[in-house]
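In what follows, a structure is listed as structure tokens, so that the remarks can point back to it.
There are 2 protein chains.
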Amino acid sequence: MRKVKRSSRLVEMTQYLLSQPYAIISLTTFAERYQSAKSSISEDLAIIKEVFEEQGLGQLQTIAGAAGGVIYMPAMSKTTALEKIQTICSELEQPERVLPGGYLYMTDMLGQPSLIADLGRMFATAFAGRKIDVVMTVETKGISLAYATAACLNIPVVIVRRDNKVTEGSAVSINYVSGSTKRIQTMSLARRALKEQANVLIIDDFMKAGGTIRGMMDLLLEFKASVAGVGVFVESGEIDQEERLFEDYISLAKLTAVDMKTKQSTVIPGNYFN
Amino acid sequence: MRKVKRSSRLVEMTQYLLSQPYAIISLTTFAERYQSAKSSISEDLAIIKEVFEEQGLGQLQTIAGAAGGVIYMPAMSKTTALEKIQTICSELEQPERVLPGGYLYMTDMLGQPSLIADLGRMFATAFAGRKIDVVMTVETKGISLAYATAACLNIPVVIVRRDNKVTEGSAVSINYVSGSTKRIQTMSLARRALKEQANVLIIDDFMKAGGTIRGMMDLLLEFKASVAGVGVFVESGEIDQEERLFEDYISLAKLTAVDMKTKQSTVIPGNYFN
């Protein structure tokens, strides 16, 4: 084992903490890793904590006691989040994004890793503090968002399939009515994919009436699991509130108006910023 | 603007570089950000470079000249990668993972963000140096791997759909024969999802004869795009080499034998480690 200078130690500890969010790392681990006194490690952590908090990157929480250590909880400040969302809203308002049925083309945006990482960090900040065991989404477009969120929270992702061709042992399928198209559809999840009693954060890219998310909630009942929260990237405001199939959700952006003729749309920050 | 001490600067610069792989960051950007002399910034970068390389986290490359600066290229050393893959292989050999048709259940593993991040970093290391504009996969299970790879390379992801219900303007659909089931299937991609002449890295979770990946290659022809590389997490060795539909690919693990009766399987490191 080599003794490491403070400057190198700070670089290594920073990357180590960033790569392991929500893991308790004991001071002993660091002290042994760098052959340094715990008091030096504590000073290092104080420096890192100050920078992370000043930069709005999240919190470094110290846990006292024998099982103690430090936890990094990624976050994004509301100010930074709002700035980023405003740019995203302008991007979403481009006329060529308007699709038939009042939808917006946003697949290209959902394919940009750095944008997705930002959105995942916003969801992780919004739901920090809730007891969450797993992030769930339904294929396909919400998957990247679900992973980005789960990466910040350091928990697994479960993906519900839109058919019943699950070849992974016994599966639970339910029928649900897509709120906007009123058509009956099927979604399935392998029995072994989700533990009973799990606390599940549902993440999706777009929500109109919320039929698909309502379907996931109904599926959770079959697993005796609970909804820990619902987060959507863009909600459509082009729907009566009473048509919405549930009330408690967080949206990052809201599509308030689409004119199919002129291809003009209006996208504003979602209820997370209210 | 505040002047920042070296210790804080190292923490900030480390996280800044880690969050922006493959982006050229000019020394001026850092110098202005921290109100520090470029010579100090250069010293900081030398410290960070040394730690990153010592830890096998990747390279920090300096580009001289007016448009110069520094680029962080994430990587994972072969030694670290092999250690991790060996653990993954043992995990994959668990008898309860054997599925009908000689497949392995690995959805739970593909749902773990930290494992996926490791695999993505291995692919990024394997394909570093090739000219790649975009990462492509077909829904659903390979999506997380594609994102993890793309995040390291800082390029977008394009997801091919397994049906032709693409509602995103004009789309290109092709029929392909799944090598293992011999059934004809359809895959589609919206015309606007991929630029012509793009250099595409294809990533998928599992490959037997390679029919699905061959399908993606054929789809690329329709876009006048090129295959920059093919990476699969697990390849099945339970197939004659002449049945394989293409030759140039990188696998991280290889399923060499499955006994359906005893549920015994053998998984070894893939051709990346040869």
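If you're matching them up, the sequences are chains A and B in order.
When you read off a place in the first sequence, starting at 1, and then add 689, the result is the number in my numbering.
When you read off a place in the second sequence, starting at 1, and then add 689, the result is the number in my numbering.
Even for Gly, the Cβ is constructed at its ideal location relative to N, Cα and C.
Asked, Found
"List, in chain order, every chain A residue whose beta-carbon is nearer than 8 Å to that of B:T901.", "Simply none; closest approach about 14 Å."
"Let's see if you can read the secondary structure: which residues bound the beta strand (DSSP E) around B:P958?", "953 to 958"
"Excluding the 5 residues flanking B:A815 on each side, which residues of the same chain have their C-beta closer than 7 Å to its C-beta?", "G920, I939, Y961"
"For B:T703 and A:V700, which I take to be in contact (beta-carbon distance under 8 Å), what is that distance rounded to the nearest angstrom?", "5 Å"
"State the start and end residues of the unbroken beta strand (DSSP E) segment that holds B:T875.", "873 to 879"
"Can you list, in chain order, the residues of its chain whose CB lies under 7 Å from that of A:A806, leaving out five sequence neighbours each side?", "A837"
"Please classify A:S954 as buried or exposed, where buried requires at least 16 other C-beta atoms within 10 Å of its C-beta.", "buried"
"Nearest-angstrom Cα distance between A:L746 and B:G800?", "25 Å"
"From the DSSP secondary-structure annotation, give me the bridge partner or partners of B:Y761.", "B:L749"
"With B:Y836 as the anchor, note down where its alpha helix (DSSP H) starts and where it stops.", "832 to 842"
"Is B:I892 buried or exposed, if buried means 16 or more other CB atoms sit within 10 Å of its CB?", "buried"
"Have a look at A:A914 and B:N888 and give me their C-alpha separation to the nearest angstrom.", "43 Å"
"Please state whether the Cβ-Cβ distance between A:V847 and A:S877 is less than 8 Å.", "no"
"Note down, in chain order, every chain B residue with its Cβ under 7 Å from the Cβ of A:E828.", "E828, T829"
"I want to verify the contact list: residues of chain A whose CB lies under 9 Å from the CB of B:N843, in sequence order.", "P802, S803"
"Using CA coordinates, which residue listed in B:K871, B:Q724, B:P710, B:Q709 is at the minimum distance from B:R698?", "B:Q724"
"Does chain B have any CB closer than 8 Å to the CB of A:M690?", "In this prediction, A:M690 has a pLDDT of 48, which is less than 50 and means its spatial position is unreliable; what the coordinates show is noted afterwards. No, because no Cβ of chain B sits closer than 8 Å to the Cβ of A:M690."
"Is the CB of A:Q886 under 8 Å away from at least one CB in chain B?", "no"
"Near A:I736, which residues of its chain fall below 7 Å by C-beta distance, leaving aside the five closest residues on each side in sequence?", "L699"
"Please report the residue range of the alpha helix (DSSP H) in which B:S715 lies.", "Premise fails: B:S715 is in no alpha helix (DSSP H) and is neither H nor E."
"How long is the line joining the alpha carbons of B:T826 and B:M905, rounded to whole angstroms?", "8 Å"
"Of the choices A:V693, A:S728, A:M762, A:V861, whose alpha-carbon is the least far from that of A:S708?", "A:M762"
"Quick one: measure Cβ to Cβ for A:F922 and A:L934, integer angstroms, because I've assumed they're closer than 8 Å.", "Wrong, their Cβ atoms sit about 18 Å apart, outside the cutoff."
"Among A:F895, A:I821, A:T796, which one has its Cα closest to the Cα of B:L883?", "A:T796"
"Below 7 Å CB to CB, which residues in the same chain sit around A:I832 once its five sequence neighbours on both sides are set aside?", "T826, I848"
"Could you give the DSSP three-state label for B:K943: helix, strand or coil?", "strand"
"List, in order along the chain, the chain B residues whose C-beta lies closer than 7 Å to that of A:V740?", "S697, V700, E701"
"Can you give, in chain order, each stretch of the beta strand (DSSP E) that sits fully within the stretch 772 to 842 of chain A and has at least 3 residues?", "823 to 827"
"Let me know if A:M690 comes out buried or exposed under the rule of 16 or more other beta-carbons within 10 Å of its beta-carbon.", "In this prediction, A:M690 scores a pLDDT of 48, lower than 50, which makes its location untrustworthy; the coordinate-derived value is nonetheless stated afterwards. Exposed: under 16 other Cβ atoms inside 10 Å."
"Specify the secondary structure class of A:Y705 as computed by DSSP and reduced to three states.", "helix"
"Might you give, ordered along the chain, the residues of its own chain that have their beta carbon closer than 7 Å to the beta carbon of B:V947, omitting 5 neighbours on each side?", "V787, G791, E927, S954"
"Could you tell me whether any Cβ in chain B is nearer than 8 Å to the Cβ of A:A914?", "no"
"Counting only Cβ-Cβ distances shorter than 7 Å, please list the residues of the stretch 709 to 732 of chain B near chain A, keeping chain order.", "none"
"Round the Cβ separation of A:S867 and A:T901 to the nearest angstrom and send it over; I've been treating them as touching at under 8 Å.", "6 Å"
"Under a Cβ-count criterion, where at least 16 other Cβ atoms within 10 Å of its own Cβ denotes burial, should B:G859 be classed as buried or exposed?", "Residue 859 of chain B is actually Ser in this sequence, not Gly. Flag for B:S859 reads exposed."
"With the cut-off set at 8 Å, would you say A:G918 and A:R819 are in Cβ contact?", "yes"
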